[in-house]
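To convert, note that position 405 of the sequence shown is 614 in this note's numbering; the numbers rise steadily by one, no gaps. In this text, a Cβ means the ideal position worked out from N, Cα and C, and glycines have one as well.
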Amino acid sequence: MKNNKIAFITCVNDDTLYDECLRYINNLEIPEGYEIDIISVREAESITSAYNNAMNSTDAKYKVYLHQDTLIVNKDFIKNIIDIFNLDEKIGMIGMVGAKNIPTNAYWWDDDEKYGKVYDSHIGSIQRLYFNEIDGRYEQVKAIDGFIMITQYDVKWRDDLFDGWHFYDISQSVEFNNKGYKVVIPNQEKFWCVHDCGLINASDIYIEKYRKIFIEEYSRHIFPLVSILIPTYNRPEYFELALQSAINQTYPNIEIIIGDDSTNSDTEEIINNKYINKVDNIKYYHNSKNIGQFDNDLKLMELANGEYINFLMDDDLFEPTKIEKMIKYFINDSQDEISLVTSHRGIIDSNGEFKGIFRNTENLINKDTMLNGDECGNFALINNFNFLGEPTTVLFKKSKLSEPFGVFNGREYGCNVDMATWLNLLSSGKAVFINEVLSYFRMFEGQQSSSSKMKILGATDYIHEVLTSRQKKFLIDDDEYLQALSNCKKYCEYIFEKLEDEIVESDLNDYIILQKQYNILKIKYHKMINEDNYLEKYINKECNSKKITFIVYGDNKKCIKGLQKLSIPEGYEVNIMPIKEQNSIARAYNNAMRVCDSKYKIYINSNTYIVNKNFISEVISLFESDDEIGMIGMIGAKNILADGTWKNSVNSYGKVYINNDQIINYNEVEKEYEQVQIIDGFLMATQYDIPWRSDKFKGGSFYDISQSIEFNLNNKKIIIPKQDEPWCVCDKSLLDNKGDFELYKSVFLNEYSKKIFPLVSILIPTHNRTEFFRIALESAINQTYKNIEIIVSDNSDTFDTKDMMQEYLNRYDNIIYTYESGLNIKENWNTCLKQAKGEYINYLMDDDIFEYTKIEKMMNYYIEYPQLSVVTSYRKIIDAYGNSLPDIPATRKMFETDTIVPGKEMSKFVLYNLINCIGEPTTVLYKKKYYSELSLKLNGQDLRCNLDIARSLIALKEGDCAYISQPLSYFRIHDEQDQKDMSVRNNGIIEWYNIIFDFYKNNCVYDDKNEFMQSLALWCKIAMNEILNLRNSDMNSKVQINNILKESLKNILDL
């Protein structure tokens, strides 16, 4: 080999492209003493065979394998690559772009951590393609793109496998890695290459062919082994379903280990007959005697060879992509921070039917999220909520376990083996929560987990979790520890009450142990209460009314220097108290408040700078003007929206400079100040001490919103001052949502919704439509608006719906259910209405569906616009199977964007067109005061068919209508509905006449009689057409409509 020779090797089938490529090669600067060799390979069978032949034909040490459409624009390219190779003899290959890790689908460009840059035209035009910046001279990667690959060692290209034109590059990257060589991307100040490849067809069938070859050949070398462990006991049918879901995993490098603790041979026969000789990654062990679930789990852990572990309970199921999606996070975890990855888990019944997401965790986490281990563990401990999932749900890193599976702080758990393990893992790393359902937890009668014994063992485990949590650095904050002790105590008392008359002799010993542990817990709880008495400390503390303390969160010295320059009113003392950043801002502020004796406290993030020199005197003046003012902020809102946020509120006030160069300017404050409900936390000034809710808000989000609510609940005003120019500058990052935003938004809504948001009653009258009703009910249960009650009145002729309801009544405490089969339709509706306690009501027909954000979005309008009396939306029509149907005139979208329409204007539109464009009962959210009773008479006649539109029109006499342009409800049309009955249709036509005439007589809508006549004329036309279309068998309807038509025509003539 010649150490001073560089060969440029290219497969050629287009001389025009290659001539351009050569022109750039020939323009390169060649270092003194070096020579180049140019090799073109034509009519090649494959790129790997071409490269092998060229590699073997030259004596050049350095080889540049490049495509004919690659142009090297860096004239110092040769010198630059030799310099990099000289940095480390282990560097074997250089590329321009590549990936830190090879994703499980083998497409390097899908990796989260890519490096390098190139001018590229793969989307049809030349564009700059650049990835993460490289800090040093190069970045070591696992794979590079094949448009240019530079080597200083010869490694055979795998022409035995890749006999085409795809995956040769990623294969060669792996081959170099396997030989112990580094593959690197250089730090390019300017782009070194142009790859003018043109539009790429990603659906090429050959790409998929070679991708599968690559995975089959290399997956066991490049991807970590995952052990799927299946403990099973006497459930062969469910077990086989679980096993198949493991076998069908898309992730290529797994082993499946089965620990059979069955007392019969049924499971063994299934394995031997169907799987053991056909699936090569299954290992099966049948215990010689029954060893119990705990020891069976431990045995499987000992047998596992995988770096990562996922149990699969024998009655649960995996989604096919579960392991692939979860292992991706571990593969990309270059800092080794992650201990476990989990996801939502679906509930299935004994027949495998999906029953929703377990414990509605989608309301807790609604995007892929990485969580700190201590925060995650604290949340689970305080709330006694294993939101991470059962063993089936979690993929964990084996090496992160400091104790055996199911053991926490030296104790084997009897029930909460999963939480014992998760806490162990969380003490040494982070958790990732994937916002998808990736496993299914089967729930059915007779499960061991619902037995009295398991409830006793679970409570005993929970006591141990809490009492020993601090050994693993959980619940370090006293407030959090006390909250966990209190909740654990309450839970145990609930268990005692629940099991008082159910204890059997076999459980007596466990019950006695629970009582003993409970007594220890009580002693610890009362000791903490006596030590802390923290509320009294806050309330009774003497404060210096002439002292102002700035409690500065963070270590930005610029903030503190700015505070030192503020003007200090005569007779006042100013103190600055810097506090270090912590996981919990609320906890940091609580601790500072405890030791601070100033009456006036300004809680300020250190990335905020006060630019109003008279800030102190202005704040004191505002506080002294009204002793009901408790807190002052710079920006905030009069209303908190139903999703727990405020920045999109139309009633936001205040202003602040952002990074010195722009202003966020909400509504102007016209008077001395504007009273609001919420302020932002970058600056919060107080003159009263109210504890921050560090028991609930343990991160960087919602501490400010919760504190605002606490001041409101304590009857203290919160204000935004009038500012001609902003008083503060803050870093933009302070106004952005933090990583824990969604988590603490859920905590906030759970804690405060019933205190701050009006109750909404969803009323569901139902009759003999159990399957439709179930769908309707679940659409009500899954509403994102938190403060709802669901009232069901059932007048069915069978017990089908009643039997079905028991499942929901056991799970949800906000459902009220009444069954009385003899009620007529009106009585059934009235039964719902009479029980409603909500300030707002929304009927939900038992065959219709709510969109899950319906109530939240509609309530936002009522919260923001007090002049509204009706909120409705576009609604979609669906058939019996849930398929969308075309709009009809009444359901056509009225506006393309959300619109507020004056009540009289909306009423006129309805009466001029005689269509219910406002919506059926399912569509409209009403204030209950406009719906105090169901019965309604207009023009002296009872209404039955058009009650919905009549109610809306009456409500619109009192206010305006908000129309939301997206579909928030689905109106089902099917054969069982009475709307298709001709008598119902005819009564509806008659009722329209009564509505028109009543609103004219009472001067509600029409400005003059000409407007009234316009409606009446349209009604006459509709009635005339109906008479002509009616059959002789509908003679009674003909006569009724004809008589009213005569009356209508007489009215027109009289007018």
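With a threshold of 16 other CB atoms inside 10 Å of the CB of residue i, please say whether the residue is buried or exposed.
i: Q1015; result: exposed
i: N1019; result: exposed
i: K774; result: exposed
i: R251; result: exposed
i: H276; result: buried
i: V1248; result: exposed
i: M264; result: buried
i: N283; result: buried
i: M522; result: buried
i: D329; result: buried
i: H430; result: exposed
i: V350; result: buried
i: L1165; result: buried
i: P163; result: Residue 163 is absent from the model: the chain starts at 210 and stops at 1264.
i: N799; result: buried
i: R651; result: buried
i: F1008; result: exposed
Excluding the 5 residues flanking residue i on each side, which residues of the same chain have their C-beta closer than 7 angstroms to its C-beta?
i: L538; result: The sequence shown places Tyr at residue 538, rather than the Leu named in the question. Answer for Y538: I547, V550, V641, listed in chain order.
i: N581; result: K639, N792
i: K1102; result: Y1083, S1174
i: L772; result: F759, I785, I819
i: K731; result: K698
i: C1154; result: V1193, N1196, G1197, E1200
i: E621; result: F503, G615
i: L1272; result: Residue 1272 cannot be examined here, being either before or after the span of the chain that is shown, 210 to 1264.
i: F653; result: D558, S559
i: Y339; result: K326
Do you know offhand how far residue i's Cα is from residue j's?
i: N749; j: M1067; result: In this prediction, N749 scores a pLDDT of 49, lower than 50, which makes its location untrustworthy; the coordinate-derived value is nonetheless stated afterwards. About 43 angstroms.
i: D363; j: N261; result: 9 angstroms
i: C1126; j: K1255; result: 28 angstroms
i: I1024; j: A693; result: 28 angstroms
i: K1113; j: N1212; result: 11 angstroms
i: I984; j: Q871; result: 49 angstroms
i: C701; j: Y727; result: 7 angstroms
i: E645; j: I532; result: 13 angstroms
i: R367; j: Q397; result: 30 angstroms
i: N996; j: L968; result: 5 angstroms
i: L590; j: F596; result: 11 angstroms
i: H617; j: D1006; result: Sequence inspection shows Phe at residue 617; the His mentioned does not correspond to that position. Using only the alpha carbons, I get a separation of about 54 angstroms.
i: D836; j: F527; result: 60 angstroms
i: E562; j: W1038; result: 31 angstroms
i: T669; j: S917; result: 38 angstroms
i: L1266; j: D716; result: Any property of residue 1266 remains undetermined from this structure, which presents the chain solely from 210 to 1264.
With a CB to CB cut of under 6 angstroms and the five nearest residues on each side skipped, what residues in its chain are close to residue i?
i: I467; result: I439, Y493
i: E960; result: K905
i: Y743; result: Unreliable placement is indicated for Y743, whose pLDDT of 45 sits below 50; the coordinate value is still reported in the next sentence. None.
For my contact list, residue i and residue j are in at a C-beta cut-off of 8 angstroms; report their separation, rounded to the angstrom.
i: D719; j: I665; result: 5 angstroms
i: E348; j: V393; result: 6 angstroms
i: I887; j: W855; result: 5 angstroms
i: K201; j: Q932; result: The shown model of the chain, from 210 to 1264, leaves out residue 201, and the question about it has no answer.
i: E883; j: I928; result: 6 angstroms
Who are the Cβ neighbours of residue i in its own chain at under 8 angstroms, not counting the five residues just before and after it?
i: D470; result: P440, T441, Y442, N496, N499, I500, G501, Q502, N505
i: M1233; result: L1254
i: L296; result: R346, Y347
Answer yes or no: the CB of residue i versus the heavy atoms of the ligand GTP, is any distance below 7 angstroms?
i: L507; result: Here there are no bound small molecules, and the ligand GTP is not part of this structure.
Any beta strand (DSSP E) of 3 or more consecutive residues that is wholly inside the segment 977-1017: 997-1003
Completely contained alpha helix (DSSP H) runs for the segment 562-608, where each covers 4 or more residues: Within the segment 562-608, the complete alpha helix (DSSP H) segments at least 4 residues long are 582-592, listed from N- to C-terminus.
Length at least 4, wholly inside the segment 1035-1085: the alpha helix (DSSP H) runs in chain order: 1063-1073
Every unbroken beta strand (DSSP E) within the segment 612-677, with a cutoff of 3 residues, ordered by chain: 639-651
Every unbroken alpha helix (DSSP H) within the segment 883-939, with a cutoff of 4 residues, ordered by chain: With a minimum length of 4 residues, the unbroken runs of alpha helix (DSSP H) contained wholly in the segment 883-939 fall at 912-922.
Length at least 4, wholly inside the segment 709-743: the alpha helix (DSSP H) runs in chain order: 717-741
Within the segment 470-529, ranges of the alpha helix (DSSP H) (whole runs, at least 4 residues): 475-479, 502-512
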